[in-house]
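First to last, the sequence lines map onto chains A and B. Going by the numbering used here, the letters in the first sequence line up with residues 3 to 279, in that order. Going by the numbering used here, the letters in the second sequence line up with residues 707 to 1183, in that order. Notes follow once the structure below has been shown.
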Amino acid sequence: MPEIAEKEVLTPQIVRLKVIAPDIAKKRRPGQFVILRVDKRGERIPLTIVDSDPREGTVTIVFQVVGKTTHMLSQLERGDKILDFAGPLGKPTEIEQFGTVVVVGGGIGTAVAFPIAKGMKEAGNRVIAIVGARSKDLLVLEHEIAAVSDEIVVTTDDGSYKRPGLVTEPLKEYLDRGEVDQVVAIGPVPMMRAVSELTKSYGVKTLVSLNPIMVDGTGMCGACRVAVGGKTRFACVDGPEFDGHEVDFEDLTMRLTAYREHEKQSYNQYLEYHKDK
Amino acid sequence: MDEKAKKKTLRPDRVPVGERSPLERVEDFREVPLGYTLDQAKDEADRCLNCKKRPCKRGCPVGIDCGGFVDRVSKGDIRGAVKLVKEKNLLPAITGRVCPQADQCEGPCLVGKKGASIGIGNLERFVSDWERKHGEVLPDKAPPTGMSVGIVGSGPSGLTVAADLIQLGYGVTIYEALHEPGGVLIYGIPEFRLPKAIVSEQIDGLRRLGVEIKLNQIIGKTLTVDEMLEMHDAVFIGVGAGAPIFMDIPGENLIGVYSANEYLTRSNLMRAYSFPEWDTPMFLGKRIAVIGGGNVAMDSARTALRLGADEVVLIYRRSLEEMPSRDEEIRHAEEEGLRFELLKSPTRIIGNGSGRVTSIELISMELGEPDASGRRRPIPVAGSEQIVEVDTVIMAIGQQPNPMIAATTPGLKTDKQGYIVVDKETMATTKEGVYAGGDIAGFGASVIRAMGDGRKAALAIQDYLVSKNTPDRESAS
Ligand SMILES: Cc1cc2nc3c(=O)[nH]c(=O)nc-3n(C[C@H](O)[C@H](O)[C@H](O)COP(=O)(O)OP(=O)(O)OC[C@H]3O[C@@H](n4cnc5c(N)ncnc54)[C@H](O)[C@@H]3O)c2cc1C
Ligand SMILES: Cc1cc2nc3c(=O)[nH]c(=O)nc-3n(C[C@H](O)[C@H](O)[C@H](O)COP(=O)(O)OP(=O)(O)OC[C@H]3O[C@@H](n4cnc5c(N)ncnc54)[C@H](O)[C@@H]3O)c2cc1C
Ligand code: SF4
Ligand code: SF4
Ligand code: FES
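Given below as structure tokens:
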């Protein structure tokens, strides 16, 4: 069972873990994820591999506490073990020298965007990072992503930090200047949708990383299916990245609501049970 | 006709197996048949004519001496019966429950010509259950060879290769992608037909023999087959054909549409039937349509009934006669209240404003000329569309190979549909030292076929490793 080598609480809701998993660290490329389980009766959930160190045999994950599994994961400490940890899954990001690449990260999506920005930079691209969050305390990895980018713009919806407003505004300015060869957008579905609609009118290719519900993560169940270019694709094996101009965001938004009631019930019951502990 | 067969008087009726009543069993996930008692088993075994030619043995894909073990049961030598069965099949508690016996060992049984064939499956189940209660009959193990074999997948084919090779003195490591071993036996076939405790016990038996099982290892991702070949002397691929097929009709992405794989995985592997004690949720529909007519469709439908659906309809495009599911399964499902819509096929799924399924449109079919499979081809009847109200649709129309291994293994040839090409006798693939079998090799999907492939592969791997090492030893001396 993989052991937690380091733990860091980034914000009250967001945690970073470094996990000892040498086989995965060796193989992993930007854009890939793991599926993990915390408890014997627990759900399998996907989390992006944010960074890896093949030499020391570790991989890093960053996650936001949104429900029961992520809550339980956030309770683990250094030295604790993660019950099941499988990967690296999904297709790696296609990293090439495109020229200027704008990497847009929204909320926890910045964690998912970080390895891609890093990979793009290493491949010789000029990298512009635009990272946004609802407010200052939801902003993560600002310094890490700044370190691998040539320029960085930070926005908060509520104006509590740096530039007020949405990520699409600075993006539009770059697009207007005609400097952008490729966009990568990762974050909440409405954000990825807005970015894709914007870049479409400029004809700039845009990759988005989709987060449908997954079960096995190996192409066996079809739970993660998404409509892309009128075809059904499985995000865990054909993605998770797809051409944002082809993705049916409506379909994705709808499918993500499937278990909302169950998720609430499960989390509330868990919180209720652990209240006194 | 056989000499001995003539002497015995023929008893045409089977000793019936106790079964839990449909009303009771549909409320839970416990097993349906109760199995024979010792007296019942002896009584049933006594009907066997002990024919010299053993047509039953030829019907079994792994060549179990059925008449032989049945004869031992009739004499009360249950341990001896277990031994005989286990010479050919190390997982009899599983096959006794899930083999399509009517088409295999019981099909050619001589008694079946005049009455009901000997209940070989029920007796196989009896002897293996007896063994579980009275202490395992451990097979003999050859001295260690110092060589090891890596196996991809812990379904019945991989488990059989492991069982055979460990006894021949090879080190065996199984690499399994999921967090629990067993393949379809765990994530596909439901508890009420094959209790998970039995599968786990059989797998623990292999562990006791020395088989190592590594979970959460996705070959093609965590490790490649080529890397396995660096760690092992040979590799067996038994990854099944697990990718679900959808129909490509409008509405398939609506909430409430499941592949049978997802539905059964959530229920079996993730135990969603115990939500919220177990975390994985599942949409518990009230009116459910299952599309398909095989074991997978039947298992999905019977799972749905147990999860509390008011009505479950099975939609199949041919008639009852063509239905590929085991006969016992069709009977059990009918008793439990499954409704059949035969000669119908879905044309689209209809949803409401929030994306949830509300109904399904069907079209009637009529049977035309036989097709390549020998079954009459269903043809849609124009203008016969009808709408049925449902809130859940389960697609159980088949599976196909997952390309993950083939895409990451240079030199491994697959056919047009993605099945790994193998030599039918040795299960050798086009890549040296790599063997494959079970559903991924693509000849007919059944547990015992997969085990049969595993047995052939194990023997061929042994031959390969012996010959590979003989010249080495000579040149070293
Ligand atoms: C490829 C991929 C990469 C991801 N990477 C990250 C990451 O790096 N950091 C991060 O914080 N989150 C990431 N996520 C999202 C993360 O998987 C979910 O937040 C997590 O599953 C929530 O589980 P829960 O039990 O805590 O919450 P739940 O109460 O179960 O659900 C809360 C929310 O998470 C979504 N969700 C629930 N179960 C799953 C599931 N099995 N698969 C996918 N989504 C689910 C639901 O739609 C819901 O909106 C990623 C998702 C995908 C598909
Ligand atoms: C619902 C259902 C009901 C059935 N009912 C019956 C029945 O009643 N009688 C009968 O005879 N047959 C039945 N079958 C068919 C039978 O189960 C299969 O033919 C048989 O299990 C195939 O065995 P296998 O060894 O090829 O692989 P599987 O049982 O498919 O197992 C393959 C294993 O390999 C693992 N794997 C896949 N890819 C990788 C990878 N890349 N790396 C590592 N591991 C991997 C999988 O997770 C899985 O555990 C049924 C099938 C289903 C789905
Ligand atoms: S393994 Fe299957 S086919 Fe063979 S004897 Fe047993 S039940 Fe019959
Ligand atoms: S099982 Fe049937 S075919 Fe086999 S020996 Fe007995 S009577 Fe003969
Ligand atoms: S998560 Fe099951 S197929 Fe993608």
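Cβ coordinates follow ideal geometry from the N, Cα and C atoms, glycine included.
When every heavy atom of ligand 5 is checked, does at least one fall within less than 7 Å of the C-beta of residue i?
{"i": "Gly221 of chain A", "result": "yes"}
{"i": "Ala225 of chain A", "result": "yes"}
{"i": "Phe236 of chain A", "result": "yes"}
Could you tell me whether any Cβ in chain B is nearer than 8 Å to the Cβ of residue i?
{"i": "Gly126 of chain A", "result": "no"}
{"i": "Leu91 of chain A", "result": "yes"}
{"i": "Cys238 of chain A", "result": "no"}
{"i": "Val249 of chain A", "result": "no"}
{"i": "Thr95 of chain A", "result": "no"}
{"i": "Ala260 of chain A", "result": "yes"}
{"i": "His276 of chain A", "result": "no"}
{"i": "Val21 of chain A", "result": "no"}
Are there any heavy atoms of ligand 2 lying less than 7 Å away from the beta-carbon of residue i, as far as the coordinates show?
{"i": "Leu1044 of chain B", "result": "no"}
{"i": "Arg1032 of chain B", "result": "yes"}
{"i": "Ser965 of chain B", "result": "no"}
{"i": "Leu796 of chain B", "result": "no"}
{"i": "Pro117 of chain A", "result": "no"}
Closest Cβ-Cβ distance between residue i and chain A: below 8 Å?
{"i": "Asn959 of chain B", "result": "yes"}
{"i": "Ala985 of chain B", "result": "It should be pointed out that residue 985 of chain B corresponds to Asp in this sequence rather than to Ala. Cβ-Cβ to chain A under 8 Å: yes for Asp985 of chain B."}
{"i": "Phe981 of chain B", "result": "yes"}
{"i": "Phe1046 of chain B", "result": "no"}
{"i": "Pro722 of chain B", "result": "no"}
{"i": "Met1110 of chain B", "result": "yes"}
{"i": "His885 of chain B", "result": "yes"}
{"i": "Ala1142 of chain B", "result": "no"}
{"i": "Ser965 of chain B", "result": "yes"}
{"i": "Val956 of chain B", "result": "Correcting the residue type first, residue 956 of chain B is Pro in the shown sequence and not Val. No, its Cβ sits nowhere closer than 8 Å to a Cβ of chain A."}
{"i": "Gly948 of chain B", "result": "yes"}
{"i": "Phe952 of chain B", "result": "yes"}
{"i": "Gly1061 of chain B", "result": "yes"}
{"i": "Glu936 of chain B", "result": "no"}
Could you give the residue range of the beta strand (DSSP E) that holds residue i?
{"i": "Met1071 of chain B", "result": "1063-1076"}
{"i": "Ile16 of chain A", "result": "16-22"}
{"i": "Asp749 of chain B", "result": "No beta strand (DSSP E) contains Asp749 of chain B, which is instead part of the alpha helix (DSSP H) from 744-751."}
{"i": "Glu918 of chain B", "result": "918-920"}
{"i": "Thr866 of chain B", "result": "Here Thr866 of chain B belongs to no beta strand (DSSP E); instead the alpha helix (DSSP H) covers 862-873."}
{"i": "Asp245 of chain A", "result": "243-245"}
Looking at the structure shown, is residue i part of a helix, part of a strand, or coil, going by DSSP?
{"i": "Pro739 of chain B", "result": "strand"}
{"i": "Gln1123 of chain B", "result": "coil"}
{"i": "Thr72 of chain A", "result": "helix"}
{"i": "Val779 of chain B", "result": "helix"}
{"i": "Met1105 of chain B", "result": "Rather than Met, the amino acid found at residue 1105 of chain B in this sequence is Gln. It is a strand residue."}
{"i": "Lys758 of chain B", "result": "coil"}
{"i": "Leu1011 of chain B", "result": "helix"}
In the DSSP assignment, find the alpha helix (DSSP H) that holds residue i and state where it starts and stops.
{"i": "Arg731 of chain B", "result": "728-731"}
{"i": "Leu891 of chain B", "result": "890-893"}
{"i": "Asp178 of chain A", "result": "170-178"}
{"i": "Tyr969 of chain B", "result": "966-970"}
Is any heavy atom of ligand 1 found at a distance shorter than 7 Å from the C-beta of residue i?
{"i": "Ala88 of chain A", "result": "no"}
{"i": "Thr13 of chain A", "result": "no"}
{"i": "Val114 of chain A", "result": "yes"}
{"i": "Pro1076 of chain B", "result": "no"}
Are there any heavy atoms of ligand 3 lying less than 7 Å away from the beta-carbon of residue i, as far as the coordinates show?
{"i": "Glu830 of chain B", "result": "yes"}
{"i": "Pro767 of chain B", "result": "yes"}
Taking 7 Å as the cut-off, is the C-beta of residue i nearer than that to any heavy atom in ligand 6?
{"i": "Cys805 of chain B", "result": "Ligands displayed in this structure: ligand 1, ligand 2, ligand 3, ligand 4 and ligand 5; ligand 6 is not among them."}
Compute every distance between the C-beta of residue i and the non-hydrogen atoms of ligand 4, then say whether any falls below 7 Å.
{"i": "Leu1073 of chain B", "result": "no"}
{"i": "Leu816 of chain B", "result": "yes"}
Below 8 Å, how does it come out for the segment 1014-1029 of chain B and the segment 1076-1083 of chain B: are there three or more Cβ pairs, yes or no? yes
Cβ pair count under 8 Å reaching 3, the segment 1149-1168 of chain B against the segment 862-870 of chain B: yes
Are the segment 162-173 of chain A and the segment 68-80 of chain A touching, with three or more C-beta to C-beta distances below 8 Å? no
If you pair each beta-carbon of the segment 1132-1144 of chain B with each one of the segment 959-975 of chain B, do three or more pairs fall below 8 Å? no
Quick test of the definition: if touching needs 3 or more C-beta pairs under 8 Å, does the segment 897-915 of chain B touch the segment 947-954 of chain B? no
So does the segment 1000-1019 of chain B actually touch the segment 1090-1105 of chain B, counting three or more Cβ pairs closer than 8 Å? yes
Can at least three beta-carbon pairs, one atom from the segment 810-821 of chain B and one from the segment 834-843 of chain B, be found at a separation below 8 Å? no
Meets three-Cβ-pair contact criterion under 8 Å: the segment 816-826 of chain B and the segment 842-858 of chain B: no
According to a CB-to-CB cut-off of less than 7 Å, which residues of the segment 222-234 of chain A neighbour chain D? Annotation note: the requested chain D is absent from the structure, which comprises protein chains A and B.
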